[in-house]
Amino acid sequence: MISVTYQIDSKSSRKGYKSETGALKAIWKWLKKHNGKTDMSAIIYVPGSEPRVFDDCEQLPFKDPTESDFYSSGKWMRLRYQAFEVYGNKCACCGANPESGVTLHVDHIKPRSTHPELELDITNLQVLCEQCNIGKLNKFQTQWRKS
């Protein structure tokens with residue numbers, strides 16, 4: 001069992017992890033969350049190794065997910081499929097469908113850039129053809145689908 005001690009100011013807590021990678025990823029997230037606070041650190045204890053101390057997320061080999069990571073994620077792919085099942089296989093704006101030769105997109109009504117908390121909320125999705133979706137950009141929040 002891998003254990004990590006998290007310390008901020010004079011408070012500390014300890015948590016166990018199944019893998020070293022999982023523990024390091026948790027440390028990275030914790031350091032990012034508490035970024036800017038002084039007198040904080042995380043100490044990882046791996047059996048058979050010396051304890052290691054981290055006080056900055058830059059010390060770890062992780063990075064924030066990119067947009068392409070989101071759109072290729074399993075969660076998004078499953079939700080995208082579900083959106084087609086729920087909202088149909090045609091553009092909610094102009095009615096075009098694949099039989100007419102268009103490419104359909106699953107669009108975020110409220111953009112991910114301004115509403116990241118809604119990125120996996122099916123009620124924030126609608127099916128649009130490529131042309132309608134590109135015209136919409138992230139500037140408009142029109143819900144074209146029928147509720």
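Take the sequence shown: its letters are residues 1 to 147, numbered as in the UniProt record's numbering.
Note that the Cβ used here is the ideal one computed from N, Cα and C, for glycine as well.
Since the model is a prediction, treat every value here as computed from it, not as a measurement.
task = Determine the DSSP secondary structure at Ala92, reduced to helix, strand or coil.
result = coil
inquiry  = Quick check on the burial criterion: 16 or more other C-beta atoms within 10 angstroms. Buried or exposed for Val4?
reply    = buried
request  = Using the Cα positions of Ala26 and Lys146, report the straight-line distance between them to the nearest angstrom.
outcome  = 41 Å
query = Going by alpha carbons, who is nearest to Lys110 out of Asn124, Ser73 and Val102?
reply = Asn124
inquiry  = Val106 and Arg80 - do their beta-carbons sit closer together than 7 Å?
reply    = yes
task = Can you tell me which of the three DSSP states Lys5 falls into?
result = Looking at the sequence itself, residue 5 is Thr, so the reference to Lys does not match. Reduced to three states, the DSSP call for Thr5 is strand.
task = Under 7 Å Cβ to Cβ from Phe62, same chain only, skipping five residues before and after it: list those, please.
result = Lys25 and Trp28
Buried versus exposed, by CB contacts within 10 Å (16 or more), His34 = exposed
inquiry  = My output table needs one value for Ile109: the three-state DSSP class, helix, strand or coil.
reply    = coil
query = Can you tell me the Cα-Cα spacing of Asp9 and Asp56, whole angstroms?
reply = 15 Å
request  = Can you tell me which of Gly36, Asp69 and Lys15 puts its alpha carbon nearest to the alpha carbon of Ile44?
outcome  = Lys15
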